[in-house]
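Down below is the structure, laid out as structure tokens.
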Amino acid sequence: MSVNVFAADGPKPVKTRHKTATPPQKFIDPANMDLSVKPGDDFFEYANGGWLKQNGIPAKETRWGSFNILRQENTDKLLGLLKEVSQTSASEPKGSLKQRVGDLYASGMDSLTIEKRGYDPVKPDLQRIDKIKTLDDFINELTYERVNGIGSPIFRAGVDQDDKNVNKYVISLGQGGTTLPDRDYYLKNDPRSKKAQDALKKLITTLFTLSGSSADEAAKNTAIVYDLEYTWARAQWSRVAMRDPHVTYNKFLVTDFEKQTPHLKWSKILPALNMGGQDSIIVGQPSFFKTMDSTFAATPIAKWKVYLRWNILRGCAAHLSSDFVNANFAYTSALSGQKVQTPRTERMSALVDSYLGELLGQLFVEKYFTPAAKQYMVELVNNLKETLGDRIKRLDWMSPATKERALKKLNAFTVKIGYPDNWEKYNGIVINRDDYFGNLRAASKWRYNFNVSHLGKPVDKTRWGMTPPTVNAYYNPTNNEIVFPAGILQFPFFDFKADDAVNYGGIGAVIGHEMTHGFDDQGRQYDADGTLRDWWTKEDADKFKSRADQVVNQYNAFTVVDTLHVNGKLTLGENLADLGGLNIAYEAFSKTKQGQSANTIDGFTPDQRFFLSWAQVWRSSQTPESAAQRILTDPHSPERFRTNAPITNINAWYKAFDIKPGDKMYKKPEDRTKIW
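Residue numbering for the sequence shown follows the working numbering, beginning at 176 and increasing consecutively.
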């Protein structure tokens, strides 16, 4: 995207004071800005241009910005903990927190042993696949792999809350079978898609060759695998289609669904998957399973064996010897633009966080998260809840009946901050210091069987979907909960020493964002207890959709890379949450002492600091390859547009920076979208 340079005859940029003495920490630092850009032409560049010019993307990253910097800081903290605990874990009691965390990390760092073993860890899997002779054998292998934490080829199977009966768990089936990040990579023939297709084919060929296939055999296997994945891609539903929770909620009696897929005897498969005793299932994409069933019948067993071998190699390549790891990275690099591999220490830190996150999280929270930070967040959340409630009461487009239900839902929000009240113990996972691959299998097997063990039990609403060190937050519609891990409760989102403008423009907007997810195009379809149930009058729903369409159109107009535009429908939920969250946070900030004052800090007014804080949260640049991939796969808009688009709909931003007609971001008052 081109930079809109400040015009000489336009309004002057905000002036700043420069001090000769060493200043205290600047939460809004003019050195990170580009004051030659008019704030009304490109606020993202105005707020972040100096930083962007001074900070390239590290070779081990595909994008770099505020989120990435904080994630790196958290990773460094985790590495300090992991290195410390791994030095003493061998002497800790077997099965203890420190023994398992330390030994898992140590096993992953034992690169000499991993290198020596080559692909020996997967040879038993390949030998087992070689013995398959019939379609029943093939299906038995699929179930065996899932139950034993080996892989999940072709389709997804697990246990989730029932969207229409949220106090019960239900079996859930979904589409799968492809390696490329999105089905469109298979279905398009543009140069970018062809490059991704070629990278995948090269990976398939390389992994077969490394595991003993001749060049001719590897080439034939590549064609078999790619043709099957192309079949799956054509059958898959688009990400936009799957945004409608009613469309993906397809409940079947097991016996009825079995009739639609005659080669898949679900009455036998489900018990083999440790999901027996259930009379019904939820199928996300029924037409995909019909295609899958017909492919089962039409494909020779020899080809299925090739496909299974590929799934083993693909799923394990990153954890075998360096030739497999390097082949896997060459593939991901072609799609993402990442120049060098992430250091092994950081990969192993992420792996421990993934597999034993609530054990490692206890160490992280103990050292780095304070009760005071949690209490501040509780107060801030309550403040923003009250503000959103006031805004709902004042809506001029919603009827009293729907407002009443919206307020009921808001008041029913569950809030989780920092870390779980009840830590997961991972009972049954045995970690051995000298068996990295075995540890991964043990943890994967535990994770699958822990998931399916919930069938028939009460729904556990205390569980978390993110680990404590995670720099992120989420809204879960079936629990009607907003969740903020400890990892995000740091600068630039939050700092005790920062003024309210900075904290409200940062973590305040994040809180408001997650609250608004309860009322975005998806979340609004769930009621106060999390049930997928319509609580809107038709007239109010139509008004909401009309306003949401304005947001779709606004984002569709943004160009990201060459001819690629933001997909306004795919990103609608996040865009609505950004718009609502920023509005809520600003109104809450305006009630604070600082928000009601005109006192400047470093030359910026309170309102200016609020919006600059918002902008610096999204400070980021990314590789063109990563940007193109995100357009197809990521429901979030690129950071530049997350900064610029919402503020064009907020009157206070115009006043704060004296935005006038003629400025490139200017929208007429009657064209500014107002929803929550």
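C-beta: ideal position from N, C-alpha, C; glycine also. Just so we're clear, the structure is a prediction, and the values are computed from it rather than from any experiment.
Would you mind sorting H688 into buried or exposed? The rule is 16 or more other CB atoms within 10 Å of its CB. buried
Cα-Cα separation, S286 to R275: 18 Å
Neighbourhood of K620 by C-beta, 7 Å cutoff - its chain only, sequence neighbours within 5 removed: N323, G324
Ignore the nearest five residues each way along the sequence and tell me which others in D565's own chain have a CB closer than 6 Å to its CB. none
Euclidean distance between Cα positions of M417 and L745: 9 Å
From G231, W479, L559, residue whose alpha carbon lies closest to that of K514: G231
Beta-carbon separation of V590 and V634 under 8 Å? no
Please report how far the alpha carbon of G283 lies from the alpha carbon of N207, in whole angstroms. 39 Å
Give the DSSP bridge partners of G536, in chain order. Answer by DSSP bridge pairing: none, since G536 is not bridged.
In its own chain, which residues sit with a C-beta less than 6 Å from the C-beta of P214, not counting the 5 before and 5 after it? Y221, F832
CA-CA distance, A587 and T706? 13 Å
I'd like the list of long-range same chain contacts for Y623, defined as Cβ closer than 7 Å, with 5 residues on each side in sequence excluded. R321, V322, G324
Rounded separation between G546 and D777 - CA only: This sequence places Pro at residue 546; Gly is not what is there. Distance between the alpha carbons of P546 and D777: 31 Å.
Terminal residues of the beta strand (DSSP E) in which F861 lies: This structure gives no information on residue 861, because the portion of the chain shown stretches from 176 to 851.
Backbone secondary structure at I346 - three-state DSSP: strand
Compute the distance between the beta-carbons of E290 and S496, then report whether it is under 8 Å. yes
If you follow the alpha helix (DSSP H) that S529 is part of, which residue opens it and which one closes it? 519 to 530
Can you tell me the Cα-Cα spacing of D498 and M523, whole angstroms? 18 Å
Does the distance from the C-beta atom of L256 to that of K542 stay below 8 Å? yes
In whole angstroms, what separates the C-alpha of P799 from that of V741? 14 Å
With a threshold of 6 Å on Cβ separation, who are the neighbours of W412 within its own chain once the five nearest residues in sequence on each side are excluded? Q460
Simplified DSSP state of T818, which is helix, strand or coil: helix
Taking its Cβ as the centre, do 16 or more other Cβ atoms sit within 10 Å of L428, making it buried, or is it exposed? exposed
Burial state of N654, where buried means 16 or more other Cβ atoms lie within 10 Å: buried
DSSP bridge partner residues for S795 (one or two, in chain order): G240
What is the DSSP secondary structure of F832, counted as helix, strand or coil? coil
Coil, strand or helix - Q700 by DSSP: helix
Three-way DSSP call (helix, strand, coil) for D204 in this model: coil
Grouping DSSP H, G and I as helix and E and B as strand, with all else coil, what is R331? strand
Apply the 10 Å Cβ neighbour rule to L171 and answer buried if 16 or more other Cβ atoms are within range, or exposed otherwise. Residue coverage of the chain in this structure runs from 176 to 851, which leaves residue 171 outside it and unanswerable.
With C-beta atoms as the reference, is Q700 less than 8 Å away from P420? yes
Endpoints, the alpha helix (DSSP H) within which S462 is located: 461 to 473
Can you give the Cα-Cα distance for T577 and I850, rounded to whole angstroms? 14 Å
Out of Y730, D596, S327, state which residue places its alpha-carbon closest to the alpha-carbon of W485. S327
With distances taken between CB atoms, is the gap from A790 to T780 smaller than 8 Å? no
Given a cut-off of 8 Å on the beta-carbon distance, is the pair L301 and L382 in contact? no
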